[in-house]
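Step one of this worksheet: look at the structure below.
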Amino acid sequence: LSNFDLHDANLGRHIGTPLGRLDFEGANFSGVQMTDGRLNDCSLIKTCFQGVTLDRVNLAGANLRGASFEGASLIKCNFTTSRCRGTNFRNADLTRADFSHADLCGADLSSANLEGARFSEAKHDNTTRFPPGFDFSQKPVTIPDSLQIGQKVTVRWGTFEGFEGPIQEIDPSNGLLEIELEIFGRKTYVKMEYDDVEPI
């Protein structure tokens with residue numbers, strides 16, 4: 004599947020079929036619309052993602068060496084353990100993206116929006132470009148007072164969008180909540196980030 008062109012394709016908010024572990028080296032995804040999808044462990048070397056919308060997409064473990072995400076919307080994307088050597092993130096929106104344990108050597112994030120992004124144990128060096136004055140250290144998560152144990156919430160998006168249930172646990176160290184949801188008549192406990200839900 005390498006070197007193919009998906010320019011301006013609309014893959015929807017949930018593509019249904021996971022694309023994990025495929026080889027898309029050199030492919031053109033520019034302008035693609037795809038949220039809540041899975042590209043984990045894919046080979047995306049020198050792939051073009053300019054201007055894409057990939058909010059909440061799972062890219063964990065992907066090889067993104069030399070790829071371009073310039074101007075892309077990558078809100079809450081999962082880049083954990085991904086290889087981002089020489090990757091272009093200029094002008095990308097990486098709000099609350101997770102780069103934990105990723106390799107960012109040579110990556111350009113110099114003009115990216117990194118508000119709330121996580122870099123726990125990410126690898127970087129003097130060739131990695133961050134915005135001027137950027138503090139690489141982890142910042143504490145502030146969970147709104149409206150979210151308390153026992154508070155009933157509704158899930159805003161993702162696999163469980165529209166489901167409702169009470170908060171069972173709150174972990175202020177990482178902003179994760181445990182929510183009790185009823186799925187097919189059975190109680191199921193799901194962990195999600197605090198801004199994935201809203202109080203009812």
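Just so you know, we're using the numbering used here here: the sequence shown kicks off at 4 and counts up by one. Think of the CB as a built atom: it goes at the ideal place given N, C-alpha and C, for glycine as much as any other residue.
Review point. CA-CA distance, proline 1 and valine 144?
Key: For the chain, the structure presents residues 4 to 203; residue 1 sits outside this window and is missing.
Exercise for review: Can you give me the Cβ contacts of glutamate 73 inside the same chain, cut-off strictly under 7 Å, excluding the 5 residues immediately before and after it?
Suggested key: So the qualifying residues of the chain are Gln53, Asn91, Arg93, Asn94, Ala95.
Check your understanding: Nearest-angstrom Cα distance between alanine 100 and phenylalanine 187?
Key -> So the alpha carbons of these two residues sit roughly 31 Å apart.
Check your understanding: Mapping DSSP to helix, strand and coil, what is aspartate 138?
Key -> Of the three classes helix, strand and coil, the one that applies to aspartate 138 here is coil, per DSSP.
Review point. DSSP puts arginine 99 in a beta bridge; with which residues?
Key: Partner(s): none; arginine 99 has no beta bridge.
Point to revise | Under 9 Å between C-beta atoms of cysteine 51 and phenylalanine 32 | key: A contact, by the Cβ cut-off of 9 Å.
Check your understanding: How would you label arginine 121, buried or exposed, when you count the other beta carbons within 10 angstroms and need 16 or more for buried?
Key -> Buried, since its Cβ has 16 or more Cβ neighbours within 10 Å.
Exercise for review: Look at the alpha carbon of glycine 161 and the alpha carbon of leucine 184, and state the distance between them as a whole number of angstroms.
Suggested key: Cα-Cα distance, rounded: 14 Å.
Point to revise | Sequence-distant residues of its chain with Cβ nearer than 7 Å to alanine 65 (five each side left out) | key: Counting only Cβ-Cβ distances below 7 Å, and skipping sequence neighbours, we find Leu42, Asn43, Asp44, Cys45, Leu47, Ser85.
Practice item. Can you give me the start and stop residues for the beta strand (DSSP E) that leucine 180 sits inside? Key: 179-186 is the extent of the beta strand (DSSP E) around leucine 180.
**Study point:** Neighbourhood of arginine 68 by C-beta distance below 8 Å, restricted to the same chain and skipping five residues each side
**Key:** Cβ neighbours of arginine 68 beyond the five flanking positions: Ile48, Lys49, Arg86, Cys87, Arg88, Gly89, Thr90.
Practice item. Pull up the distance between the alpha-carbon of arginine 189 and that of phenylalanine 82, whole angstroms please. Key: Cα to Cα, the separation comes out at about 32 Å.
**Study point:** aspartate 106 and alanine 125 closer than 9 Å at C-beta
**Key:** Judged by beta-carbon spacing, alanine 125 lies within the 9 Å limit of aspartate 106, meaning their Cβ atoms are closer than that value.
Check your understanding: Near phenylalanine 139, which residues of its chain fall below 8 Å by C-beta distance, leaving aside the five closest residues on each side in sequence?
Key -> The beta carbon of phenylalanine 139 sits closer than 8 Å to those of Phe122, His127, Phe133, all from its chain and outside the five residues before and after it, given in chain order.
Point to revise | phenylalanine 163 versus Glu172, Asp199, Gly136, residue with shortest Cα-Cα distance | key: Considering only alpha carbons, the answer is Asp199.
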